[in-house]
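To keep things clear, I will list the structure first and then write my remarks on it.
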Amino acid sequence: MDRLLNVVTGMSALLIVLVLFSVRRARIRVEYSVAWLAGAVALLALSRASGLLHVIADLLGVADPPLALLLIVGCVFLIIFYRFSLIISQLKDDNIALAQRVAILEYHIESLKDRAAGF
Amino acid sequence: MKAPEQAEKLLILVPAYNEEGAIRGVVEAVKQVMPGTPVLVVDDCSKDSTVAQARSADASVLPLPHHLGLGGCVQAGYKLAFELGYEFVIRVDGDGQHDARDIPKILEALRASGCEMVIGSRYVNGTNGGTSWLRAAGIRFFRTVLRPILGKSVRDPTSGFVGVNRSALAVFSRSFPLEYPEIEALVVLQRRRFKFVEVPCHMLPRRTGRSTITPMKSIYYIVHVLLGVFVNVLKYERRIPTESRRS
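The listed protein sequences correspond, in order, to chains A and B. Here my numbering is used: the first residue of the first sequence is 1, the next is one more, and so on. Here my numbering is used: the first residue of the second sequence is 1001, the next is one more, and so on.
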């Protein structure tokens, strides 16, 4: 099971590097990188702090601490996905409203042009 | 198209996406039945010559900057109609399945019934226009689901041949279902205690092209709409006071 903890450590470190790299290249906005970084740092810390992991495993009633860590990984990513689903939904609504507004304004501009041209 | 005079308060709204083969005929049929009534084609960023065809038939065109889907497309038309002060809007699909000769019937029902929405129904003494068994089964299913929610039976809840008055227009300008709007729109209206009535209408076969509905898409449709219905039932929105509805 130590191997599983090492894998989680490696994946968390990789995720942190990937997110920082993406932020540096302006592929992810800073505000959206925070959830990923916070999640990855928490997983990294938990995978290295076996004492804390044992306490959490006891609290959750899970016999094996690495399994508790996997459970936490799943929960962390579910929360992050939920947060991004909210953001995407809001962006989609805004995008539709904006597209409709642009179309309507263009329509009004064309109508004014036609009227000015004497149609 | 300009803001309506007192006498002409009706707008015919035609949402269209890649309907170059049908749109001209649809607009001409509407203009033949309702001479002088403005026709607005809302083009959902078609890849073909729908816009040019609609303009050649002397319709006003509202071209969307990118593809929004049916609900977003119809809502754009509702928003413009509301801004321009129209009292009634009747939606006619751009594929030619709705018989323009039924428009006066819908308008008359809108004026006479006092209902906020009138649905052109293929199942109230009308002919069904060759509805597939799959669609007919879906309609029966949604009829059953909607009955307790709406408090009355709706024979053809998937019909897009609908007329709305200004009160409904005000609501739909702000809140309109985006992907498969017909059924959810009924629930949106019910939440505001608005009324609807069905009038018999004829549905025609598509003028060109063919339906892209597959069994898989039908299942997705059913799940999506069911979810949308229940979300709308549970949604908390401030009720619009009756007095301000009429303004």
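The beta-carbon is built from N, C-alpha and C at its ideal position, and this holds for glycine as well. Computed from a prediction, not measured in an experiment: that's the story for all the values here.
So for residue i, helix, strand or coil by DSSP?
| i | result |
| --- | --- |
| residue 1100 of chain B | helix |
| residue 1011 of chain B | strand |
| residue 1016 of chain B | strand |
| residue 1034 of chain B | coil |
| residue 1121 of chain B | strand |
| residue 118 of chain A | coil |
| residue 65 of chain A | helix |
| residue 1090 of chain B | strand |
| residue 1154 of chain B | coil |
| residue 105 of chain A | helix |
| residue 1244 of chain B | Note that residue 1244 of chain B scores a pLDDT of 45, beneath 50, so its modelled location is shaky and nothing firm can be said. |
| residue 58 of chain A | helix |
| residue 1026 of chain B | helix |
| residue 1006 of chain B | Residue placement at residue 1006 of chain B cannot be trusted, given a pLDDT of 46 that sits under 50; what the coordinates show is reported in the next sentence. Reduced to three states, the DSSP call for residue 1006 of chain B is coil. |
| residue 8 of chain A | helix |
| residue 1044 of chain B | coil |
| residue 1161 of chain B | coil |
| residue 112 of chain A | helix |
| residue 1198 of chain B | strand |
| residue 1079 of chain B | helix |
| residue 1062 of chain B | strand |
| residue 1239 of chain B | For residue 1239 of chain B, the pLDDT reaches just 48, beneath the cut-off of 50, and the residue's location in the model is therefore unreliable, leaving the point undetermined. |
Under 7 Å between beta-carbons, which chain A residues line up against residue i? List them in chain order, please.
| i | result |
| --- | --- |
| residue 1079 of chain B | 100 and 104 |
| residue 1075 of chain B | 100 |
Is the beta carbon of residue i sitting closer than 9 Å to the one on residue j?
| i | j | result |
| --- | --- | --- |
| residue 1103 of chain B | residue 1057 of chain B | no |
| residue 56 of chain A | residue 38 of chain A | no |
| residue 1135 of chain B | residue 1218 of chain B | yes |
| residue 1027 of chain B | residue 1059 of chain B | yes |
| residue 1075 of chain B | residue 1203 of chain B | no |
| residue 1157 of chain B | residue 1166 of chain B | no |
| residue 1069 of chain B | residue 1016 of chain B | no |
| residue 102 of chain A | residue 1065 of chain B | yes |
| residue 1194 of chain B | residue 1171 of chain B | yes |
| residue 1137 of chain B | residue 1033 of chain B | no |
| residue 1175 of chain B | residue 1188 of chain B | yes |
| residue 32 of chain A | residue 84 of chain A | yes |
| residue 66 of chain A | residue 14 of chain A | no |
| residue 1184 of chain B | residue 1162 of chain B | no |
| residue 1197 of chain B | residue 1115 of chain B | yes |
| residue 1078 of chain B | residue 1178 of chain B | no |
| residue 1169 of chain B | residue 1082 of chain B | yes |
| residue 59 of chain A | residue 71 of chain A | no |
| residue 1192 of chain B | residue 1235 of chain B | no |
Since residue i contacts residue j with CB under 8 Å, what's their CB separation in whole angstroms?
| i | j | result |
| --- | --- | --- |
| residue 1088 of chain B | residue 1009 of chain B | 6 Å |
| residue 8 of chain A | residue 43 of chain A | 6 Å |
| residue 1120 of chain B | residue 1233 of chain B | Contact doesn't hold; Cβ gap of about 25 Å is too wide. |
| residue 1164 of chain B | residue 1117 of chain B | 5 Å |
| residue 1040 of chain B | residue 1080 of chain B | 7 Å |
| residue 1020 of chain B | residue 1048 of chain B | 4 Å |
| residue 16 of chain A | residue 41 of chain A | 7 Å |
| residue 1186 of chain B | residue 1227 of chain B | Between residue 1227 of chain B and residue 1186 of chain B the Cβ distance is about 15 Å, and since that is not below 8 Å, they are no contact. |
| residue 1090 of chain B | residue 1107 of chain B | 7 Å |
I want to verify the contact list: residues of chain B whose CB lies under 7 Å from the CB of residue i, in sequence order.
| i | result |
| --- | --- |
| residue 107 of chain A | 1062 and 1080 |
| residue 87 of chain A | In chain order: nothing, as chain B lies at least about 17 Å away. |
| residue 80 of chain A | Near residue 80 of chain A there are no residues of chain B at all, since even the closest Cβ is about 23 Å away, more than 7 Å. |
Starting from the beta carbon of residue i, find every residue of chain A whose beta carbon is closer than 8 Å, and list them in chain order.
| i | result |
| --- | --- |
| residue 1072 of chain B | 96, 99 and 100 |
| residue 1178 of chain B | 96 |
| residue 1083 of chain B | 104 |
> Looking at chain A, which residues of the stretch 1041 to 1070 of chain B have a Cβ within less than 7 Å of any of its Cβ atoms?
Replying inline: 1062, 1063, 1064, 1065, 1066 and 1068
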